[in-house]
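In the working numbering, the protein residues as written are 157 to 526.
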C-alpha cells in the first residue's frame, strides 16, 4: 500500500469533479507570445493529467483590464484568439480525464518579479503602495474598482461559457486583492480601507459576490490566499485565528467555495502559539469550506531557496506529514508545484514506488515546457 493511497479518492464541489485529491499548482511560465497560449503549453498541461494529477490550476492569466499583468508573455484570458487557445487546452485536459481551472490575475501595482523591465500599461493599486514605503501603481478611484470587478466577472463568465471546471482568483503573494487586504499597502480612507480587516476585504468580497451573481450558484469559485508576499516572507494579514476569520468569512459569505492556502512550506504552523495547523488547516477549521494545501510538497526546501542555491533534491520525507494532516482533516486537496515542473509523472512514480526515477527540480526547469 502506498503512502498516497488515501489521496486517491474522488472529490466533488459543484462543477469541479476530480478523480483524486492532487492538483497542479499555478505557476507562471511566460511562454505566451502576445498573450496567446501555444500548442506547446497545451501539451504541457495535458501531460500533467496523463502523469496522474486530477486537475490543473493554470498559470495566472490576464483579465481584460489594462495593466492587469506586467509582462507581455503572460497568457491573456480575453479576446478571440487567446480564448480559442485556452479552449484547446481545456479540450485536451478534459479529454485526458482531468479538470482545468484558470487562475484570474490582476497584479495591482507590482511589476513582474521575473521580468521587471517588461513593457506594460500603467499599473494601479489601492494606495499607490506595494510594500512598506514601496511605491507601485496609481491610486485606484471608485470607478477603477467597479471596472476591475466587472473585468473579473467577464473572465469568470468566459471560463464558464467555454466549459472550464472552475475558476481561481489570485488573492495571494502581494497582488491586487492582497494589496487591499494588507494594512501596509491599503491606506484608503473610503469604504475599501481602514484599520479593520473586514473593511479591507470588501473589494475582494464584492468581486466574488458579483461573479457568483453572474455565474449562478453552481459554478465553483476558488480563492487563493497567503500571508507572505514576494520578498516579504514574514508579512502577516492575520496574526490570530480570530483575525483569520474576520478576513476569510466575508469571502465565504460572498460565494467562495474552496480556499487555496499558499504557504512556502506546508508543514509550518500558521499560528505556532495555538497548534501545528497550517493555513489550510486553520481555514478549514474556522470557515468550514474545503481547502487546498500547497508549499514544497515532495521537496527539501522552498522556491526562493532554489533561486539562490540551484537544484532541489526530491525527497519523500514530508509525505508522512502530508498524509497525517490529510487524515486529520486539515485540507481536502493538495497542489503540487515544482515537482511537476521537473517531472510530469512525479505522482505516478511516487505512488508506484519508482522513486529512484524521480527527476530533481532545478532553476533550469523554468526554461522549458517539458
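Glycine included, each C-beta is placed from N, C-alpha and C at the ideal position.
Since the model is a prediction, treat every value here as computed from it, not as a measurement.
| query | What are the residues that DSSP puts in a beta bridge with residue 416? | reply | 380, 448
| query | DSSP beta-bridge partners for residue 167? | reply | 174
| residue 200, buried or exposed, once every other Cβ within 10 Å from all chains shown has been counted against 16 | buried
| request: May I have the straight-line CA-CA distance separating residue 447 from residue 242, to the nearest angstrom? | output: 26 Å
| field | Contact check, residue 450 vs residue 177, beta carbons under 8 Å | value | no
| message | Residues in the same chain with beta-carbon distance under 6 Å from residue 248, minus the five sequence neighbours each way, listed in chain order, please. | response | 198, 202
| query | Is the region 213-228 close to the region 253-260, with three or more CB pairs under 8 Å? | reply | yes
| said: Which residue wins for smallest C-alpha separation from residue 190, given the options 253, 276, 305? | reply: 276
| field | For residue 185, the three-state DSSP class (helix, strand or coil) | value | coil
| query | Just curious, the beta strand (DSSP E) that residue 219 is in, first and last residue? | reply | Careful: residue 219 lies outside any beta strand (DSSP E) and carries neither H nor E.
| message | Can you find the residues in the same chain that come closer than 6 Å, C-beta to C-beta, to residue 409, ignoring five residues on each side of it along the sequence? | response | none
| C-beta contact flag for residue 397 and residue 344 at 8 Å | no
| Beta carbon of residue 159 nearer than 8 Å to that of residue 479 | yes
| Taking Cβ to Cβ, would you say residue 322 is nearer than 8 Å to residue 376? | yes
| message | Once DSSP output is grouped into helix, strand and coil, what is the label at residue 438? | response | helix
| message | Counting C-beta neighbours from all protein chains within 10 Å, is the total for residue 514 16 or more, i.e. buried, or is it exposed? | response | buried
| field | Distance, residue 213 Cα to residue 174 Cα | value | 12 Å
| query | Starting from residue 503 and walking both ways along the alpha helix (DSSP H), at which residues does that stretch end? | reply | 502-508
| Residue interval of the alpha helix (DSSP H) (run including residue 397) | 397-410
| Can you round the beta-carbon distance between residue 337 and residue 357 to whole angstroms, since I take them to be within the 8 Å contact cut? | 6 Å
| request: Please report how far the alpha carbon of residue 363 lies from the alpha carbon of residue 233, in whole angstroms. | output: 17 Å
| said: Using 8 Å for Cβ pairs, my map puts residue 170 next to residue 314. What's the rounded Cβ distance? | reply: The Cβ separation is near 18 Å, so there is no contact.
| In whole angstroms, what is the alpha-carbon distance linking residue 229 and residue 192? | 8 Å
| query | Among all the DSSP beta bridges, which residues are the ones paired with residue 329? | reply | 385
| field | Sequence-distant residues of the same chain with beta carbon closer than 8 Å to residue 310, five excluded per side | value | 219, 220, 234
| query | Whose C-alpha, out of 181, 521, 369, is nearest the C-alpha of residue 256? | reply | 181
| Under a three-way DSSP split, which group does residue 466 fall into? | Residue placement at residue 466 is poorly supported in this model, since its pLDDT is 47, which falls under 50; the coordinates are not used for a value here.
| task | Would you identify the three-state DSSP class for residue 461, choosing helix, strand or coil? | result | With a pLDDT of 47 at residue 461, under the threshold of 50, the predicted position of this residue should be treated as unreliable, though the coordinate-derived value follows. DSSP places residue 461 in helix when its eight states are reduced to three.
| field | Between the CA atoms of residue 236 and residue 425 - distance to the nearest angstrom | value | 44 Å
| Is the beta carbon of residue 251 less than 8 Å from the beta carbon of residue 210? | no
| Classification of residue 400 by the beta-carbon crowding that lies within 10 angstroms, buried from 16 upward | buried
| message | Could you pull the DSSP bridge partners for residue 255 from this structure? | response | 211
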